[in-house]
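Q: Per the working numbering, the sequence shown starts with residue 24, numbered consecutively.
The beta-carbon is built from N, C-alpha and C at its ideal position, and this holds for glycine as well.
Note that the coordinates shown come from a computational prediction; the quantities given were computed from them, not determined experimentally.
Have a look at the structure that comes next, please.
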Amino acid sequence: MKKKDRMDESILVCVYYGPNGERLIQRGCKIAQMLNCPLYILTVDPSPFDELDAEKSNYISKWQQLAKEHNAQAFILKDKEKRPVYKVIAEVAREKNITQLIIGQTAQSRWEQIAKGSIINSLLKEIPFVDLHIISVARYLKNPDRQFEKGVRAYLIKEEKHYRLVFKHTEDVKFEGIFFKEIGTDFNNGIFKFMKDKETLQVQVNDDIVTDLSNVEMKTDSDSLDDFL
Numbered sequence: 024m025k026k027k028d029r030m031d032e033s034i035l036v037c038v039y040y041g042p043n044g045e046r047l048i049q050r051g052c053k054i055a056q057m058l059n060c061p062l063y064i065l066t067v068d069p070s071p072f073d074e075l076d077a078e079k080s081n082y083i084s085k086w087q088q089l090a091k092e093h094n095a096q097a098f099i100l101k102d103k104e105k106r107p108v109y110k111v112i113a114e115v116a117r118e119k120n121i122t123q124l125i126i127g128q129t130a131q132s133r134w135e136q137i138a139k140g141s142i143i144n145s146l147l148k149e150i151p152f153v154d155l156h157i158i159s160v161a162r163y164l165k166n167p168d169r170q171f172e173k174g175v176r177a178y179l180i181k182e183e184k185h186y187r188l189v190f191k192h193t194e195d196v197k198f199e200g201i202f203f204k205e206i207g208t209d210f211n212n213g214i215f216k217f218m219k220d221k222e223t224l225q226v227q228v229n230d231d232i233v234t235d236l237s238n239v240e241m242k243t244d245s246d247s248l249d250d251f252l
């Protein structure tokens with residue numbers, strides 16, 4: 024492992040399952056390379072590692088590989104954790120003398136923030152001398168075969184055997200997120216990006232209808248993230 028010259032700076036990237044983890048790691052690597060300082064990658068799970076399902080294990084394998092490729096000091100998995108996530112993050116930050124923390128923007132509703140408090144506010148209280156980089160959900164999607172318009176706020180309403188995409192908030196709304204309409208279509212076909220059970224998902228929308236909440240793997244235009252730092 025190449026020695027880092029700047030030991031007065033240290034980066035910690037916090038990732039959770041979903042398509043945003045890789046983007047956060049890439050952003051952390053970019054900052055660590057610019058500063059020539061140590062990089063750590065952390066994920067927290069309440070379940071034991073040997074009880075994680077195939078999808079979660081796959082994410083962890085990807086993150087470990089990225090950590091190796093970018094010469095990170097360590098990939099840290101805190102499993103069997105019953106403490107609040109911000110407590111675990113703060114503990115690791117202190118142990119590793121972290122000066123900059125990179126975390127994804129959570130899609131908590133305003134009522135959840137009022138009732139439970141924001142994880143960002145909790146981190147600011149726990150580790151006030153650490154710089155926080157909050158990476159927002161990108162509002163552009165791009166992949167080699169399909170192009171999408173700029174994302175707009177949208178919602179999913181549950182109907183009998185599917186969900187319907189709408190653009191006005193009502194009492195029937197089940198999920199709030201961002202809709203990316205596919206360029207060249209007259210109807211609402213594209214990708215809906217939202218949070219479900221603390222995981223960021225991207226699902227297919229066909230003519231306003233979502234029939235499956237399974238995650239659709241898409242490539243993200245990482246350049247658009249530059250606007251959020």
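Checking 7 Å against the spacing of the C-beta atoms, do Leu35 and Leu179 come in under that value?
A: Taking 7 Å as the Cβ cut-off, Leu35 and Leu179 do not qualify as a contacting pair.
Q: Could you tell me whether the Cβ atoms of Lys101 and Val108 are closer together than 7 Å?
A: Against a cut-off of 7 Å, the Cβ pair of Val108 and Lys101 comes out as no contact.
Q: Given a threshold of 16 other Cβ atoms within 10 Å of its Cβ, counted over all protein chains shown, does Ser237 qualify as buried or as exposed?
A: Its Cβ having fewer than 16 others within 10 Å, Ser237 is exposed.
Q: Taking all protein chains shown into account, decide if Glu32 is buried (16 or more other Cβ within 10 angstroms of its Cβ) or exposed.
A: The residue is buried, with at least 16 neighbouring Cβ atoms inside 10 Å.
Q: Quick one: any contact between the region 57-67 and the region 90-97, if contact means 3 or more CB pairs under 8 Å?
A: Short answer: they touch.
Q: Which partner residues of Gly127 appear in the DSSP bridge assignment?
A: DSSP, once it has assigned bridges, lists Ile158 as partnering Gly127.
Q: Just how far apart, CA to CA, sit Asn43 and Phe203?
A: Approximately 16 Å, taken between the alpha carbons.
Q: Assign Leu75 to one of three DSSP states: helix, strand, or coil.
A: It is coil, neither helix nor strand.
Q: Relative to the alpha-carbon of Tyr39, which residue among Glu78, Leu147, Lys197, Val239 has its alpha-carbon at the smallest distance?
A: Of the listed residues, the one whose Cα sits closest to Tyr39 is Glu78.
Q: Between the alpha carbons of Val153 and Lys181, how many angstroms are there, rounded?
A: C-alpha separation (whole angstroms): 41 Å.
Q: What residue does the beta strand (DSSP E) around Gln227 start on, and which one ends it?
A: Where Gln227 is concerned, the enclosing beta strand (DSSP E) stretches over 222-228.
Q: Quick one: what does DSSP say Cys52 is sitting in, helix, strand or coil?
A: Helix at Cys52.
Q: Using only the alpha-carbon positions, how far apart do Ala97 and Ala116 sit?
A: Using only the alpha carbons, I get a separation of about 13 Å.
Q: Tell me, which residues are paired with Val196 by DSSP?
A: Val196 pairs with Ile180.
Q: In the DSSP assignment, find the unbroken alpha helix (DSSP H) run with Val108 in it and report its ends.
A: Unbroken alpha helix (DSSP H) run through Val108: 108-118.
Q: Name the two residues that bound the continuous alpha helix (DSSP H) containing Ile142.
A: Segment 142-149, the alpha helix (DSSP H) holding Ile142.
Q: Identify whether Ile137 lies in helix, strand or coil by the three-state DSSP scheme.
A: Unreliable placement is indicated for Ile137, whose pLDDT of 45 sits below 50; the coordinate value is still reported in the next sentence. It is helical.
Q: Mapping the DSSP letters down to three states, classify Ala95 as helix, strand or coil.
A: DSSP places Ala95 in coil when its eight states are reduced to three.
Q: In three-state DSSP terms, what is Asn121?
A: Per the sequence presented here, residue 121 reads as Ile, with Asn not at that position. Of the three classes helix, strand and coil, the one that applies to Ile121 here is coil, per DSSP.
Q: Have a look at Leu75 and Ser84 and give me their C-alpha separation to the nearest angstrom.
A: Near 12 Å, if we compare the C-alpha coordinates of Ser84 and Leu75.
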